[in-house]
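Numbering (our numbering), first residue to last: 248 to 409. Ideal Cβ placement from N, Cα and C applies to all residues, glycine included. Note that the coordinates shown come from a computational prediction; the quantities given were computed from them, not determined experimentally. Since the structure comes first, as structure tokens, the remarks are kept for the end.
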């Protein structure tokens with residue numbers, strides 16, 4: 248039962264992180280510095296979070312849930328990128344999109360991954376693990392596809408200073 252409570256607490260933490268509902272000192276400790284936390288484009292409002300991978304340890308580790316994104320990677324430079332996607336016009340949570348992220352350091356090519364849908368506090372967010380090896384200003388480019396419409400592309404800046 249304790250592991251389920253821990254999973255629920257972490258889900259609420261990550262969900263609050265995605266919608267800006269955490270006290271500033273928790274956000275600073277958890278995400279270093281997302282310079283641009285939310286953006287709107289192509290009919291979507293998106294909130295971005297970047298947290299150390301060790302923060303999400305334990306989610307999906309017990310019970311019938313599979314490990315999050317195939318398991319939490321080992322290493323000091325592994326981070327979880329999470330995006331909460333909303334319909335910009337209605338404010339409704341978007342749970343049927345395909346979200347792809349490309350994370351790259353300043354002047355470098357980056358790694359690209361499809362973000363997996365996750366259930367956090369009964370709502371859908373999208374996430375995946377990325378290696379952020381150095382102190383850098385990273386670009387997180389999200390492509391959001393839904394239906395037959397052209398993908399919406401949003402670029403965020405993330406100052407990695409840990």
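Collapsing the DSSP output to three states places residue 325 in a strand.
Judged by DSSP in its simplified three-state form, residue 349 adopts strand.
Beta-bridge partners assigned by DSSP to residue 404: 386. In the DSSP annotation of this structure, the continuous segment of the beta strand (DSSP E) that includes residue 367 starts and ends at 358-367. Counting along the chain, residue 375 sits inside the beta strand (DSSP E) bounded by residues 370-378.
If you look at residue 287, you'll find it in the beta strand (DSSP E) that goes 285-288.
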